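K.L.:
In the numbering used here, the protein residues as written are 4 to 364.
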Ligand code: MRU
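(1) Locate the alpha helix (DSSP H) running through residue 241, then write down its first and last residues.
(2) Quick test of your reading: residue 290 and residue 255, contact by CB under 8 angstroms. State the CB separation rounded to the nearest angstrom.
(3) Residue 227 and residue 205 - do their beta-carbons sit closer together than 8 angstroms?
(4) Classify residue 331: buried if its beta carbon has 16 or more other beta carbons within 10 angstroms, exposed otherwise.
(5) Are the beta-carbon atoms belonging to residue 108 and residue 67 less than 8 angstroms from one another?
(6) Near the ligand MRU, which residues have their beta-carbon closer than 7 angstroms to a heavy atom?
(7) Is the segment 78-91 in contact with the segment 126-145, if contact means three or more CB pairs nearer than 8 angstroms?
(8) Does DSSP put residue 253 in a helix, a strand or coil?
(9) Count the other CB atoms, across all protein chains shown, that sit within 10 Å of the CB of residue 97; report buried if there are 16 or more and exposed otherwise.
(10) Assuming residue 319 is part of the alpha helix (DSSP H), what are its boundary residues?
(11) Near residue 110, which residues of its chain fall below 7 angstroms by C-beta distance, leaving aside the five closest residues on each side in sequence?
(12) Between residue 173 and residue 263, how many whole angstroms is the CB-CB distance? I'm expecting something under 8 angstroms.
(13) How about residue 217 and residue 284: are their beta carbons less than 8 angstroms apart?
(14) Just to confirm the assignment: which complete alpha helix (DSSP H) runs, minimum length 4, are found wholly within the segment 76-111?
(15) Reducing DSSP to helix, strand and coil, say where residue 213 ends up.
(16) My output table needs one value for residue 361: the three-state DSSP class, helix, strand or coil.
(17) Identify, in the order they occur along the chain, each residue of the same chain with its Cβ nearer than 6 angstroms to the Cβ of residue 114, setting aside the five sequence neighbours on each side.
(18) Measuring straight from C-alpha to C-alpha, what distance separates residue 259 and residue 276?
(19) Closer than 6 angstroms by C-beta to residue 33: which residues in its own chain qualify, once you throw out the five before and the five after it? Chain order, please.
(20) I think residue 297 touches residue 273, with their Cβ atoms under 8 angstroms apart; what is that distance to the nearest whole Å?
(21) Just the C-alpha distance for residue 20 and residue 344, rounded to the nearest angstrom, thanks.
(22) Could you check what DSSP says for residue 354 in three-state terms: helix, strand or coil?
(23) Near residue 320, which residues of its chain fall below 6 angstroms by C-beta distance, leaving aside the five closest residues on each side in sequence?
(24) In the DSSP assignment, what are the bridge partners of residue 205?
(25) Please identify the residue among 225, 213, 303 and 222 whose C-alpha is closest to the C-alpha of residue 249.
(26) With DSSP run on the structure shown, which of helix, strand or coil describes residue 116?
(27) Could you compute how far the alpha carbon of residue 147 sits from the alpha carbon of residue 139?
(28) Take the Cβ of residue 119 as the centre, count every other Cβ of all protein chains shown within 10 Å, and call the residue buried at 16 or more, exposed below.
(29) Within the segment 144-183, note down every full beta strand (DSSP E) run reaching 3 residues or more, in order along the chain.
(30) If the criterion is Cβ atoms closer than 8 angstroms, does the pair residue 150 and residue 192 meet it?
(31) Go ahead and pull the three-state DSSP assignment for residue 245.
(32) Restricting to runs no shorter than 4 residues, where is the alpha helix (DSSP H) found entirely within the segment 292-339?
(33) In its own chain, which residues sit with a C-beta less than 7 angstroms from the C-beta of residue 220, not counting the 5 before and 5 after it?
(34) How should residue 196 be labelled, buried or exposed, when 16 other C-beta atoms within 10 angstroms of its C-beta is the threshold for buried?
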């Protein structure tokens, strides 16, 4: 094993979200502080959890789901009633509140719905019994995510060759998940196995997840990473430096249309033009069969300050200039070469191939 293989394994196992040992709070790596500071944050109240999700201290669809699962468990422990009906009512109120933090990544409501199902199934249990089941459920959500990311990375790696140039957008690595990641998972796994890639990381305006997080994680793992501005993707493709694009996802509609960080669909259009395969990687929990197509996906709009002021020493744009700041866009399924899940690789037509994943279950 060379030293980078060990480094890659360590980088792939970073714990971005966990339950505290007294089970009263959720401990997260504050991703807004990276790469400058590795700062942990302890979230114990509903407001702290909501703020951490809204402000992207914890971010990336799977990590948000894990945080929400642990978070609602901690809040449920604080409800302080033995009355089952009252407990259920307060649980649902807290669940709706956390769910309102961000709309696009389906993993938030998916994890909260999963926890709520535990509370709502079978009346006649005592509150301590329900809490015991909730504890199991949030731990399962986390454990399953580790397994899913590992499998997605294995499948994704079969699509790459040693020495490939890979372009990625936003951050879908270990920080955004639990292990390896999704969109960037194959890169960490491949590195652990001694493979080399040349990665181009889009900086990902306006919140710079690519520059701050992806470049940091890949560099830490000893993976050859080159940071580019979002508008340089076409140039590196034209130069022949990219053999595959790999990205994560926040919500995949039943027909394969995929919401991911704003800018993803432009990368997919460019990839199509330059005949480069464009792969979306994500767990089946990110597939929302209630959304028929991308038109049903709610896109989060964020504050103009993120464009006008953030990450500049001085605000860069005219004060009060009108801004449009969608956090995600939808990549049309016709631009996607394959969708890689923990259950296998799906190819078009996605309405059929994605539905088959659920039939198997
Ligand atoms: O706004 P963010 O940083 O939470 O957006 C994250 C993404 O778009 C990721 O690509 C996606 O959640 C997949 S993370 C494995």
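For each residue, glycine too, the CB sits at the ideal point set by N, CA and C. Quantities reported herein were computed from a predicted structural model and do not represent experimental measurements.
P.N.:
Checking against the coordinates, here is how it stands:
(1) Residue numbering aside, residue 241 sits at position 238 when the chain shown is read from its first letter. Unbroken alpha helix (DSSP H) run through residue 241: 236-241.
(2) Position 287 of the chain shown holds residue 290. Position 252 of the chain shown holds residue 255. Confirmed, Cβ separation roughly 5 angstroms.
(3) By 1-based counting over the chain shown, the position of residue 205 is 202. By 1-based counting over the chain shown, the position of residue 227 is 224. At least 8 angstroms separates the beta-carbon of residue 205 from that of residue 227.
(4) Mapped onto the chain shown, residue 331 falls at position 328. Label assigned to residue 331: buried.
(5) Here residue 108 corresponds to residue number 105 of the chain shown, with the count starting at 1. Here residue 67 corresponds to residue number 64 of the chain shown, with the count starting at 1. Residue 67 sits close to residue 108, with the two beta carbons spaced by under 8 angstroms.
(6) Near the ligand MRU, residues with a Cβ at less than 7 angstroms from any of the ligand's heavy atoms are 59, 62, 63, 64, 65, 67, 108, 173, 174, 175, 179, 180, 184, 185, 186, 210, 212, 250, 251, 252, 253, 263, 264, 285, 330 and 331; the list follows chain order.
(7) The segment 78-91 vs the segment 126-145: in contact.
(8) By one-based count along the chain shown, residue 253 stands at place 250. Three-state DSSP puts residue 253 in coil, outside helix and strand.
(9) Counted from its first residue, the chain shown places residue 97 at position 94. By the neighbour-count rule (16 or more Cβ atoms within 10 Å), residue 97 is buried.
(10) Taking the first residue of the chain shown as 1, we reach residue 319 at position 316. First-last for residue 319: undefined, no H or E at that position.
(11) On the chain shown, residue 110 is found 107 positions in, with the first residue counted as 1. Residues of the same chain with a CB within less than 7 angstroms of the CB of residue 110, apart from the 5 flanking positions on each side, are 64, 65, 67, 68, 288 and 289 in chain order.
(12) Within the chain shown, numbered from 1, the residue matching residue 173 stands at position 170. Within the chain shown, numbered from 1, the residue matching residue 263 stands at position 260. Between residue 173 and residue 263 a beta carbon distance of about 7 angstroms is seen, short of the 8 angstroms cut, so the two are scored as contacting.
(13) Within the chain shown, the letter at position 214 stands for residue 217. Within the chain shown, the letter at position 281 stands for residue 284. Judged by their CB atoms, residue 217 and residue 284 are not nearer to each other than the 8 angstroms cut-off.
(14) Correct list: 87-102.
(15) For the purposes of this step, residue 213 is taken as the residue at position 210 of the chain shown. Helix at residue 213.
(16) Start at 1 with the first residue of the chain shown, and residue 361 comes out as number 358. Helix, per DSSP.
(17) On the chain shown, position 111 is the one that residue 114 refers to. The beta carbon of residue 114 lies closer than 6 angstroms to those of 68, 71, 72 and 144 in the same chain, with the five residues before and after it left out.
(18) Along the chain shown, one-based indexing puts residue 259 at 256. Along the chain shown, one-based indexing puts residue 276 at 273. Looking at the two C-alpha atoms, the distance is approximately 20 angstroms.
(19) To locate residue 33, count along the chain shown from 1; it is residue 30. The residues are 42, 44 and 60.
(20) The residue labelled residue 297 in the question sits at position 294 within the chain shown. The residue labelled residue 273 in the question sits at position 270 within the chain shown. With a Cβ gap of about 19 angstroms, residue 297 and residue 273 do not count as contacting.
(21) In the chain shown, the residue the question calls residue 20 occupies position 17. In the chain shown, the residue the question calls residue 344 occupies position 341. In a straight line, the C-alpha of residue 20 is about 22 angstroms away from that of residue 344.
(22) Here residue 354 refers to the residue found at position 351 of the chain shown. It is helical.
(23) The residue given as residue 320 occupies position 317 in the chain shown. The beta carbon of residue 320 sits closer than 6 angstroms to those of 311, all from its chain and outside the five residues before and after it, given in chain order.
(24) On the chain shown, residue 205 is found 202 positions in, with the first residue counted as 1. When DSSP reads this structure, residue 205 sits in a beta bridge with 231.
(25) By 1-based counting over the chain shown, the position of residue 249 is 246. Nearest C-alpha to residue 249: 213.
(26) As a working note, residue 116 is residue 113 in the chain shown. Correct three-state label for residue 116: helix.
(27) For the purposes of this step, residue 147 is identified with residue 144 of the chain shown, where counting begins at 1. For the purposes of this step, residue 139 is identified with residue 136 of the chain shown, where counting begins at 1. Residue 147 and residue 139 have their C-alpha atoms some 12 angstroms from each other.
(28) Along the chain shown, read from residue 1 onward, the residue named residue 119 stands at position 116. Taking all protein chains in view, the Cβ of residue 119 is crowded by 16 or more other Cβ atoms within 10 Å, so the residue is classified as buried.
(29) Qualifying beta strand (DSSP E) stretches, in chain order: 168-171.
(30) Position 147 of the chain shown, counted from the start, is the residue given in the question as residue 150. Position 189 of the chain shown, counted from the start, is the residue given in the question as residue 192. Going by beta carbons, residue 150 and residue 192 fall outside the 8 angstroms limit.
(31) Position 242 of the chain shown, counted from the first residue, corresponds to residue 245. Residue 245: coil per DSSP, three-state reduction.
(32) Counting only runs of 4 or more, we get 308-311.
(33) Start at 1 with the first residue of the chain shown, and residue 220 comes out as number 217. Closer than 7 angstroms at the Cβ level, and outside the excluded window around residue 220, lie 14, 176, 177 and 178.
(34) Within the chain shown, numbered from 1, the residue matching residue 196 stands at position 193. Only exposed fits residue 196, as fewer than 16 other CB atoms lie within 10 angstroms of its CB.
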